[in-house]
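Take any residue in the sequence shown, count from 1 to its spot, add 598: that is its number in this note's numbering. Glycine is no exception: its CB is placed at the ideal position from the N, C-alpha and C atoms. Bear in mind that the values here come from a model prediction, so they are computed numbers and not experimental data. Heads up: the structure comes next, in structure tokens.
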Amino acid sequence: MLFRDKSKHKNDFKKTQSFELEDNPINQDILYVTSFLTEERQVNKKIMGIELRPNISYLSGLSIFIVTITGNMMVSFLSQSTNILLKNKFNITDEQEMIQISSLMVLYCNVAMIFVCPFVGVLFDILGRKVVISFFFIIAGPLCALLPYTKSLWFGFTLSRIGLAILTGSMISNTLIPDYVERKCIGKSVIYNNFARYLGNFLSPIIFLTIIIYYSITYSYNLMGIVMTLTGVILYFTIQEPTDLVHDQDAVTPNTNHQLLNGILMKFRIAIQECKQNRTLIFSFAQTFVVRMGIILGSNAYSLWILLKIPDEVRAFEMLAFSHSFSSCLNFIIQIPLIKILDKIQPRLLVIFAQSLRATVLFFSLWTNQQGEQWIVANIILMSLSNGIANVSRDLVFQKNQASQSRGVIHGFMELFTNLGMLTFIFIFACLSPVIGLCGCFCFLGTLDLLLLLLSLQFKFTKPEN
């Protein structure tokens, strides 16, 4: 078996090693075997069928999913427990006051992330993935553990909550997939990363809300802080710098404040130049602006629609729980076959299908709003499903079209447009819903999907291999 393709390899050697091999078959065999074994040693490692880039270890590949699981546990935990902590810690019992304070915190977090995210991306490129990601996890640990002990609502608690939002958002939106995964396997890694996200969201209420019920909310925050810090320590030893950045990073490591400023400006210039050369990145920013507006659908609009259309509160909660659980299961199941086929699908076709489906479902709400509660629940499930597919297409197009030397900055730009989209839809939702109604807001988002669909026809979705 070892020498089955011997003649083919010998011909290759004759082209490159023409001296004395033609007259010495023994030397030719020795060199052939040496080259064959070296070639075998250089075969890229695989995790769950995902081919890693050269010289990337198994532990570094697994760190992609460790970051996603733990980061999403933190995000889910904070979103589910912040209002409980506000109520217990600061004795806020008035419903309107609670809604106002929690809404302002969400607004402050989004605004802060809009300004901070591009600069966090620069840190990824200048300081490296290992230092930034592990440092964020380690710092988030004590910040989370100490949150229940803050005395001031607006100074201590709110600032800490904003800091945690920035840290967790920066952890999850990292560059590890394009850093570690071969481009031909990025689609598969996107799906597995989604599964890791679902797992983190699933584990969070089971572990930490159970602790809140049986012990106290302070214990749950303390445990979450310990988990984050330990994860940061582990990641420091598992994350490695991508091979296509090592030499560049060694060349630009800043030693003074002046060099640091020049390094930041240089990284921004490289990223802007990359966007000019690869216009698909510009489409990715527009796509994430529109697609990530769907986060507001899941966090607020679905529940409002059900509560407004179903007078019985108990029945409304039942329908809300059913729609969320069923749509989550359906999103998980429908992505399983995508593991095998996503890298074979043309990104343009996936974008057209995803945006067409979501626009159709959003406009369909005009009809279902006049029907019974079952139709409304079915429409919400379809909205969630189409939103999940749109996010998959967004991730696929973006992850396959990144530069090698400015991935951090590009990711920072991506997070900037993500938060701009969410903030824009919050204002649209708050200002236009009294005028055009809830379904009018759905149709507004559907119109943006159709405009994005037309815009996609002007862009290419393939990028040459690095």
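Its Cα nearest to that of Ser901, the residue Ile978 stands out among Leu1050, Ile978 and Arg877. The continuous alpha helix (DSSP H) containing Phe962 extends over residues Pro945 to Thr966. If you check the CB distance, Leu905 and Pro716 do not come in under 8 angstroms.
Per DSSP, Gln1056 lies in no alpha helix (DSSP H) and is assigned neither H nor E. In summary, Cys1037 is buried, with 16 or more beta-carbon neighbours lying within 10 Å of its beta-carbon over all protein chains present. Take Lys786, set aside five residues on each side of it, and the residues of its chain with a beta-carbon closer than 7 angstroms to its own are Gly647, Ile648, Ile937, Leu940 and Asp941, in chain order. The stretch 878-888 and the stretch 986-1003 touch, with no fewer than 3 CB-CB distances between them shorter than 8 angstroms. Ranking Glu839, Phe793 and Thr748 by CA distance to the CA of Asn653 puts Glu839 first. Under DSSP, Val779 shares a beta bridge with Leu650. Remark: C-beta atoms of Val959 and Leu980 approach each other more closely than 8 angstroms. Cβ neighbours of Phe930 within its own chain (closer than 6 angstroms, five residues either side excluded): Tyr796. When DSSP states are grouped into helix, strand and coil, Ile978 belongs to the helix group. Taking 8 angstroms as the cut-off, the Cβ atoms of Tyr819 and Leu745 count as close. As a beta-bridge residue in DSSP terms, Ile645 pairs with Ile648. Apart from the 5 residues on each side of it in sequence, Ile974 sits with its Cβ closer than 6 angstroms to the Cβ of Lys907 and Thr966 in its chain, given in chain order. Note on geometry: alpha-carbon atoms of Thr668 and Tyr813 lie some 22 angstroms from one another.
Per the coordinates, the alpha-carbon of Asn681 lies some 20 angstroms from the alpha-carbon of Leu1021. Around the C-beta of Gly823, 16 or more other C-beta atoms lie within 10 Å, and the residue is accordingly described as buried. When the beta-carbon positions are compared, Val888 and Leu1050 come within less than 8 angstroms of each other. DSSP assignment within the stretch 805-838 yields the following whole alpha helix (DSSP H) runs of 4 residues or more, N-terminal first: 808-812 and 815-836. Secondary structure at Asp910: coil, using DSSP grouped into helix, strand and coil. Across the set Thr1045, Gly1044 and Gly892, the C-alpha of Gly892 shows the shortest separation from the C-alpha of Asn1017. Closest option to Asn708, judged by alpha-carbon separation, among Phe1023, Leu1052, Gly1044 and Ile690: Phe1023. Look at Met696 here: in three-state DSSP terms it is helix. Leu774 is not a Cβ neighbour of Val673, given a cutoff of 8 angstroms. Of the candidates Gly739, Ser679, Phe663 and Ser921, Phe663 places its Cα closest to the Cα of Ala794.
DSSP places Pro935 in the coil class of the three-state scheme, outside both helix and strand. Contact between Ser882 and Met1012 holds: their C-beta atoms lie close to 7 angstroms from each other, under 8 angstroms. Fully contained in the stretch 671-734 are the following alpha helix (DSSP H) runs of length 4 or more, in chain order: 693-725. Secondary structure at Thr748: coil, using DSSP grouped into helix, strand and coil. Around the beta carbon of Arg890, 16 or more other beta carbons lie within 10 angstroms, which makes this residue buried.
Judged by DSSP secondary structure, Lys998 falls outside any alpha helix (DSSP H); it is assigned neither H nor E. For the set Ile760, Phe1042 and Ile862, the Cα lying nearest the Cα of Leu705 is the one of Ile760. With a 10 Å radius around the Cβ and a threshold of 16 neighbouring Cβ atoms, Asp692 comes out exposed. Residue burial annotation: Phe735 is buried, with at least 16 other C-beta atoms found within 10 angstroms of its C-beta.
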